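Add 29 to the 1-based position in the sequence shown for this note's numbering, that's all there is to it.
Here is the structure we will look at, set down as structure tokens.
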Amino acid sequence: MTTAVEKMQSALDAIERHNSRVNAVISLADPDDLMKHAEAADQVPTEQRGPLHGEPIAIKDLAKAAGFEASMGSPIFKNNLVQTDDIMVARMRAAGAIIIGKTNTPEFGLGSHTFNPVHGATGNAYDATRSAGGSSGGAAVALATGMMRYADGSDMMGSLRNPAGWNNVYGMRPTWGLVPSEPLGDSFLHQLATNGPMARCPKDLATLLSVQSGQDARQPHGLPSADFAKDMEVHALKGAKIAWLGDWGLPFDDGIMDISERAVEDLRALGVDVTAINAPFSMDALWESWITLRSWMVASGVGVFYDDPEKRDLLKPAAIWEIERGFAMTAREVHQQSVVRSMWFKKAAQLFETYDALLMPSAQVWPFPVDWVHPTEIAGVQMDTYHRWMQVVIPAGLIGLPVVNLPIGFGAAGLSAGLQVIGGRGQDAKLLGMANDWYHGTPWKDHAPA
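Spelled out as structure tokens, the structure:
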């Protein structure tokens, strides 16, 4: 059995070896103090140890972890040392995790490219001159480079999926409500974002999800936890029926659909009944619903900073764009787009009467240069917003369905890609079981970065 001291030394060695190149972990605690915490963990009797006992974990810098800065990548919160844990972080500590620092994220988590004016940019684990994705980019890179075994993340618009795909790891957006958010502001209307787990293998995803999940009395839509590592064992890829959604009319970089379709053939070789189906809903309608509800939600969350002229000057353009759109919306517009969301939920429910899961690429582009703000065109199609290039992730996120990113290999430039396997509401254990079979049936787990 590996001791907590050995785990901590391994984490610190990996951080020393890789972090100056990729900038994944920020606000690292004093290594001597961390080793003392590990030594203390090794003294805890075996019967008192939790499922994350002695595991070094850095928390995504959108969540509060006592004793660490919570900057959210914003100059507004630079040097914001906090003394309390968010619900999810408290649960991870109670399960035995040793919090070692934070992982980098875009400002307020906006945009699927990890850079901010406080801590800089995070480079891809396989090529530090390329984007790590986001907003859980720091977490994905820390996993890929061996800095830690488990990582938390959060996902509104692909933030647990895109960086996982781009760094050859597993990221899971759980069913909305399974992992409680902080009881701040409105708890009823906003259902686009969720916290969730990331790891190098699905079994570790399941372990962390069991720790993170479960009802909180202050949350009105919470779902009960489960032993996902146990429950996933009854599910398998062989014999599953999966619908392949293809490109759904979206533009993709050269090579993305090719590698995705090869992965579809790999699934068939593993015994999956994969059926290509036509677009089940208007992607344009989904996009209008998404950008309306997202801007409305972002404005309600960070709009208070826009109201303060000094703080407004510190916001990045994407945040200002979202806030101004959200402030300008009428109640009727929001309601109309929530009706579209409801219509898509009903249609998706019909699909899951026939299929165990749906399948789509995790990103429309390969990792782009790290000094870009965002892609401005894909395959000759101009991107009209800062986040249009991630449109492929909204079908699941809009209606709170569980999704796991499956690593599917590497393109010509040596950069990795992923597939989203999307399940019906509450089918988290089923997805984890499928992902576990994929993990053991494919070679990508053996392709660690140099």
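All C-beta atoms in this analysis are idealised placements derived from N, C-alpha and C, irrespective of residue type, glycine included.
Nothing here was measured: the structure is a model prediction, and the numbers come from that model.
Exercise. At a cut of 8 Å, does the region 116-124 reach the region 87-106 through at least three beta carbon pairs?
Worked result: The region 116-124, when compared against the region 87-106, does touch it at the 8 Å Cβ threshold.
Problem set entry | Where valine 402 falls, given that 16 or more other Cβ within 10 Å makes a residue buried | That one is exposed.
For this session: Taking 8 Å as the threshold, find out whether the region 238-258 comes into contact with the region 356-373 through three or more Cβ pairs.
Result: Segment contact: the region 238-258 against the region 356-373, fewer than three CB-CB distances shorter than 8 Å; contact not assigned.
Problem set entry | histidine 264 classed as buried or exposed, judged by whether at least 16 other C-beta atoms fall within 10 angstroms | Result: buried.
Exercise. Could one say the Cβ of asparagine 465 lies closer than 7 Å to chain B's Cβ atoms, at least one of them?
Worked result: Of the protein chains in this structure there is only one, and it is not chain B.
For this session: Within the region 330-414, note down every full alpha helix (DSSP H) run reaching 4 residues or more, in order along the chain.
Result: Within the region 330-414, the runs of alpha helix (DSSP H) that reach at least 4 residues and sit entirely inside it are, in chain order, 338-341, 346-357, 360-383.
Exercise. Quick one: what does DSSP say lysine 267 is sitting in, helix, strand or coil?
Worked result: In the structure shown, the three-state DSSP call for lysine 267 is coil.
Problem set entry | Residues of its chain near serine 242, where Cβ-Cβ distance is below 6 Å and the 5 sequence neighbours each way are ignored | For serine 242, where only same-chain residues beyond five positions count, the Cβ hits under 6 Å are Leu207, Val208, Ser254.
Exercise. Candidates Ser324, Glu339, Ser329, Gly330: which alpha carbon is nearest glutamate 351's?
Worked result: Glutamate 351 has its Cα closest to that of Ser324, out of Ser324, Glu339, Ser329, Gly330.
Problem set entry | Backbone CA spacing between aspartate 313 and isoleucine 423 [nearest angstrom] | Approximately 11 Å, taken between the alpha carbons.
For this session: Quick one: residues in its chain with C-beta nearer than 8 Å to the C-beta of glutamine 248, no 5 flanking neighbours on either side, listed in chain order?
Result: Scanning its chain for C-beta atoms nearer than 8 Å, with the 5 sequence neighbours on each side dropped, one finds around glutamine 248 the residues Gly206, Pro209, Ser210, Pro212, Ser216, in chain order.
For this session: Kindly identify the DSSP beta-bridge partner or partners of aspartate 302.
Result: Lys270, per the DSSP bridge assignment.
Problem set entry | Chain-order list of residues whose beta-carbon lies under 6 Å from that of lysine 267 (same chain, five-residue window excluded) | Hits under 6 Å: Gly300.
Exercise. Three-state secondary structure (DSSP) at isoleucine 428?
Worked result: In the structure shown, isoleucine 428 sits in coil (DSSP, three-state: anything other than H, G, I, E or B).
Problem set entry | Between the CA atoms of methionine 30 and histidine 22 - distance to the nearest angstrom | The question about residue 22 has no answer here: the residues shown for the chain are numbered 30 through 479.
Problem set entry | Three-state class that DSSP yields for alanine 33 in the structure shown | Helix at alanine 33.
Exercise. If we count the other Cβ atoms within 10 Å of its Cβ and call it buried at 16 or more, is proline 192 buried or exposed?
Worked result: Its Cβ being crowded by 16 or more others within 10 Å, proline 192 is buried.
Problem set entry | Beta carbon of tyrosine 384 nearer than 7 Å to that of lysine 459 | Not a contact, by the Cβ cut-off of 7 Å.
Exercise. What residues in its chain sit with their C-beta under 7 Å from that of proline 135, if we drop five residues either side in the sequence?
Worked result: Only Gly102, His142, Thr143, Phe144, Asn145, Gly163, Ser164 meet the Cβ criterion.
Exercise. Where do the N-terminal and C-terminal ends of the beta strand (DSSP E) with methionine 227 fall, by residue?
Worked result: Run containing methionine 227: 223-228, per the beta strand (DSSP E) assignment.
Exercise. Going straight from the alpha carbon of glutamate 84 to that of serine 39, what length do you get?
Worked result: Whole-angstrom Cα-Cα distance: 11 Å.
Exercise. Can you give the Cα-Cα distance for alanine 441 and arginine 159, rounded to whole angstroms?
Worked result: Between the C-alpha atoms of alanine 441 and arginine 159 there is a straight-line separation of about 14 Å.
Exercise. Roughly how many whole angstroms lie between the Cα atoms of aspartate 42 and glutamate 68?
Worked result: Just so you know, the alpha carbons of aspartate 42 and glutamate 68 end up roughly 17 Å apart.
For this session: May I ask you to verify whether the region 175-190 touches the region 221-228, counting CB pairs closer than 8 Å and requiring at least 3?
Result: Yes, since at least three Cβ pairs between the region 175-190 and the region 221-228 fall closer than 8 Å, the two stretches touch.
Problem set entry | glycine 200 to alanine 169 span [Cα, whole Å] | Separation of glycine 200 and alanine 169 (C-alpha to C-alpha, rounded to the nearest whole angstrom) is 8 Å.
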